[in-house]
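Colleague: Here's a structure for you.
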Amino acid sequence: MVDKVIATPAALALIERLRAEHGSFFFHQSGGCCDNSAANAYLPGELTIGAGDVYLGDIGGIPFYIGANQYAYWKHTQLIIDVIEGSGGTFSLEGPTGLAFLTRSRVFTDDEAAALGLS
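See below:
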């Protein structure tokens, strides 16, 4: 099985830290308007997930979504969620930690794209 979104060990550690502090939350890949193009972590009720969003999978047991329009552009890439030092997005749970989630990506191989039904 090919994962559409994965997380680095640093991202998984920050996810666990946020889960211990906040309990349940979810990710939504920002489209770049106000918070650049970042994976933002939200508490339930802070952002409505609806028909215009695509579920990519879970990272560290946390659901990860992306807007359908943005997914149309990125569907041929695997999102790799990482962490860097610095101020995170102002809308994201990790903002006060001095760390920030960072989205990296790589293009799926032809075999991976075929397995995902993208070719």
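So in numbering that gives the first Met the number 0, spot 24 of the sequence shown is number 23, and the numbers just go up one at a time.
Glycine included, C-beta positions come from ideal geometry on N, C-alpha and C.
Considering only residues of the region 82 to 111, which uninterrupted beta strand (DSSP E) runs meet the minimum length of 3 residues and lie entirely inside it, listed in chain order?
Modeller: Those beta strand (DSSP E) runs which fall completely within the region 82 to 111 and span 3+ residues are 98 to 106.
Colleague: CB Leu55 to CB Val4, shorter than 8 Å?
Modeller: Within the sequence shown, residue 55 is the residue found at index 56, counting from 1. Within the sequence shown, residue 4 is the residue found at index 5, counting from 1. Their beta carbons are under 8 Å apart, which means Leu55 touches Val4 by this criterion.
Colleague: What's the gap between the Cα of Leu46 and the Cα of Glu111?
Modeller: Along the sequence shown, read from residue 1 onward, the residue named residue 46 stands at position 47. Along the sequence shown, read from residue 1 onward, the residue named residue 111 stands at position 112. About 31 Å.
Colleague: Could you tell me if Ile65 is buried or exposed, where buried requires 16 or more neighbouring beta carbons within 10 angstroms of its beta carbon?
Modeller: Along the sequence shown, one-based indexing puts residue 65 at 66. Per the 10 Å Cβ criterion, buried.
Colleague: Taking only runs that begin and end inside the region 30 to 74, name each unbroken beta strand (DSSP E) of 3 or more residues, in chain order.
Modeller: Complete beta strand (DSSP E) runs here, min 3: 38 to 41, 52 to 58 and 61 to 66.
Colleague: Give a yes or no on whether the C-beta atoms belonging to Ser91 and Phe100 are separated by under 8 Å.
Modeller: By one-based count along the sequence shown, residue 91 stands at place 92. By one-based count along the sequence shown, residue 100 stands at place 101. Yes; because the gap between Cβ atoms is below 8 Å, this pair is in contact.
Colleague: Give the DSSP-derived three-state secondary structure of Leu13 in the structure shown.
Modeller: In the sequence shown, residue 13 corresponds to position 14, counting from 1. Helix at Leu13.
Colleague: By a C-beta neighbour count over all protein chains shown, 10 Å radius and 16 as the cutoff for buried, is Leu78 buried or exposed?
Modeller: Residue mapping note: residue 78 aligns to position 79 of the sequence shown, counting from 1. Buried: at least 16 other Cβ atoms inside 10 Å.
Colleague: Measuring alpha carbon to alpha carbon, tell me which residue in Tyr41, Ala67 and Trp73 is nearest Val53.
Modeller: For this step, residue 53 is matched to residue 54 along the sequence shown. Among Tyr41, Ala67 and Trp73, the Cα nearest to that of Val53 is on Ala67.
Colleague: Hey, Pro62 and Phe107 are a contact pair by Cβ (cut 8 Å); roughly how many whole angstroms apart?
Modeller: For the purposes of this step, residue 62 is taken as the residue at position 63 of the sequence shown. For the purposes of this step, residue 107 is taken as the residue at position 108 of the sequence shown. Pro62 to Phe107, Cβ: 21 Å. No contact.
Colleague: Give me the Cα-Cα distance between Ala6 and Asp57, rounded to the nearest whole angstrom.
Modeller: What you label residue 6 is simply residue 7 of the sequence shown in a count that begins at 1. What you label residue 57 is simply residue 58 of the sequence shown in a count that begins at 1. Distance between the alpha carbons of Ala6 and Asp57: 9 Å.
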